[in-house]
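Chemist:
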Amino acid sequence: MMAILQIIKLNFRVFMLICSGLCFTTSCSNTKVLNAKKSSLENSDLVISKDEGNFEAHKTKHPILVDGFAKESIWEKSPWYSMNYLWMGKPVNPEDYYGKFKLAWDKNYLYILVEITDDYLNPTLKDGIENYWKGDCVEVFLDEDKSGGDHQYNHQAFAYHVTTEGHIIDFGVQKKPIFLDDNIKVKIAKENNKYTWEMAVKIYDKNFSEDSKNNKPVNLFFGKTLGFSISYGDNDGNKTRENFIGSKKSHGQNNDEGYKNADVFGSVLLVK
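Numbering (my numbering), first residue to last: 15 to 286.
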């Protein structure tokens, strides 16, 4: 009888050890899954800085609806890039300004998603088109064939000022600022002090004519490289731009050559 009781006790201990092992394994497995999910979320919020300003844009399978809400799956898959290199002005508090952006493309458009934290949005055109550069705006620098060169009063390249009012401004051949609203579709969505700028940009080559209604944008393709930089001009209510903050470490002399010299642009490579 004693022998039988000892066998029962031994089997019970073995049973408890097995159960304990099973529970421990399950617990560890759940921990790994939770950590993996957390890591995935953290990666989606990762912001990549590129000193030389050379970026990649992934191809979207479906055209993006430009509405400021960025619901398309391509935006979830695309990395955030930083636009926090101080080009002009004093260092800023992240609560005053913080910027990041994503890129995508199809054969018709380069898509840009910009998220800006700005505690005070100063209307771009508050003081008229001649002072467009003084207010808050996103500036998109584009060179279709990345050939560089002077573009101040020609269309070898573009320095698109995307205004808070949804207009697109650059210098024209008459050495005056002009509206080029047909070149970029843009919608801006606001949540507290966070602004989402969603854009679809037509890419034009140096043959673009501001006087023509028959300009044809180039078709984009896998492997093409564009000259590209992006920046934000920040003005918290003063009479001039206070800060100029961009996507690469240097943008020419005094970090203020982009509006006239495409040699200082970074790049975007169109990938799958």
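A virtual CB, placed ideally from N, CA and C, is assigned to each residue, including glycine.
Given a threshold of 16 other Cβ atoms within 10 Å of its Cβ, counted over all protein chains shown, does residue 156 qualify as buried or as exposed?
Modeler: Classification for residue 156: buried.
Chemist: What are the boundary residues of the beta strand (DSSP E) that residue 205 is part of?
Modeler: Looking at the DSSP string, the run of the beta strand (DSSP E) that includes residue 205 is 198-205.
Chemist: What would DSSP say about residue 285, mapped onto helix, strand or coil?
Modeler: Three-state result, residue 285: strand.
Chemist: Would you mind stating whether residue 202 and residue 82 have Cβ atoms separated by less than 8 Å?
Modeler: Taking 8 Å as the Cβ cut-off, residue 202 and residue 82 qualify as a contacting pair.
Chemist: Can you give me the Cβ contacts of residue 92 inside the same chain, cut-off strictly under 7 Å, excluding the 5 residues immediately before and after it?
Modeler: Cβ neighbours of residue 92 beyond the five flanking positions: 72, 116, 117, 118.
Chemist: Sorted by chain position, which residues of the same chain lie with C-beta nearer than 8 Å to residue 184's C-beta, five sequence neighbours on each side aside?
Modeler: So the qualifying residues of the chain are 172, 173, 174, 175, 191, 192, 194.
Chemist: Roughly how many whole angstroms lie between the Cα atoms of residue 113 and residue 132?
Modeler: Near 9 Å, if we compare the C-alpha coordinates of residue 132 and residue 113.
Chemist: Taking DSSP as the reference, what is the three-state secondary structure of residue 35?
Modeler: Note that residue 35 scores a pLDDT of 40, beneath 50, so its modelled location is shaky; the value from the coordinates is reported in the next line. DSSP places residue 35 in helix when its eight states are reduced to three.
Chemist: With residue 94 as the anchor, note down where its beta strand (DSSP E) starts and where it stops.
Modeler: Start and end: 94-96.
Chemist: Over what stretch of residues does the beta strand (DSSP E) that includes residue 88 continue unbroken?
Modeler: Not the beta strand (DSSP E): residue 88 falls in the alpha helix (DSSP H), residues 87-91.
Chemist: Out of 151, 148, 259, 135, which has the shortest C-alpha to C-alpha gap to residue 103?
Modeler: The shortest C-alpha separation from residue 103 is found at 259.
Chemist: Give me the residue from 236, 161, 63, 144 with the minimum Cα distance to residue 74.
Modeler: Comparing Cα-Cα distances from residue 74 to each of 236, 161, 63, 144, the minimum goes to 236.
Chemist: Between which two residues does the beta strand (DSSP E) carrying residue 175 extend?
Modeler: Residue 175 -> beta strand (DSSP E) spans 172-177.
Chemist: Our contact map puts residue 243 next to residue 265 with C-beta atoms below 8 Å; I'd like the distance itself, whole angstroms only.
Modeler: At roughly 6 Å, the Cβ-Cβ gap stays under 8 Å, so residue 243 and residue 265 are in contact.
Chemist: Whole angstroms are fine: how far does the CA of residue 227 sit from the CA of residue 94?
Modeler: So the two alpha carbons sit approximately 35 Å from each other.
Chemist: Taking the CB atoms as reference points, tell me whether residue 167 and residue 187 lie closer together than 8 Å.
Modeler: Taking 8 Å as the Cβ cut-off, residue 167 and residue 187 qualify as a contacting pair.
Chemist: Within 10 angstroms of the Cβ of residue 267, are there 16 or more other Cβ atoms? Answer buried if so, exposed if not.
Modeler: Counting Cβ neighbours within 10 Å, residue 267 comes out exposed, since fewer than 16 surround it.
Chemist: Leaving aside the five residues before and after residue 123 along the sequence, list all residues of the same chain whose C-beta is less than 7 Å from its C-beta, in chain order.
Modeler: Here the set comprises 214, 215, 216.
Chemist: In terms of residue numbering, what span does the beta strand (DSSP E) encompassing residue 210 cover?
Modeler: 208-215 is the extent of the beta strand (DSSP E) around residue 210.
Chemist: Can you grab the Cα-Cα spacing for the pair residue 223 / residue 251, in whole Å?
Modeler: C-alpha separation (whole angstroms): 35 Å.
Chemist: Within its chain, find whatever has a CB closer than 6 Å to the CB of residue 70; leave out the 5 residues flanking it on each side and keep chain order.
Modeler: So the list reads 283, 285, once near-sequence residues are dropped.
Chemist: For residue 275, does the three-state DSSP call read helix, strand or coil?
Modeler: DSSP places residue 275 in strand when its eight states are reduced to three.
Chemist: On the CB-based measure, 16 or more other CB atoms within 10 Å of its CB, does residue 253 come out buried or exposed?
Modeler: So residue 253 ends up on the exposed side.
Chemist: Would residue 246 and residue 229 qualify as a contact pair, given that the criterion is a beta-carbon distance under 8 Å?
Modeler: Going by C-beta atoms, residue 246 is not nearer than 8 Å to residue 229.
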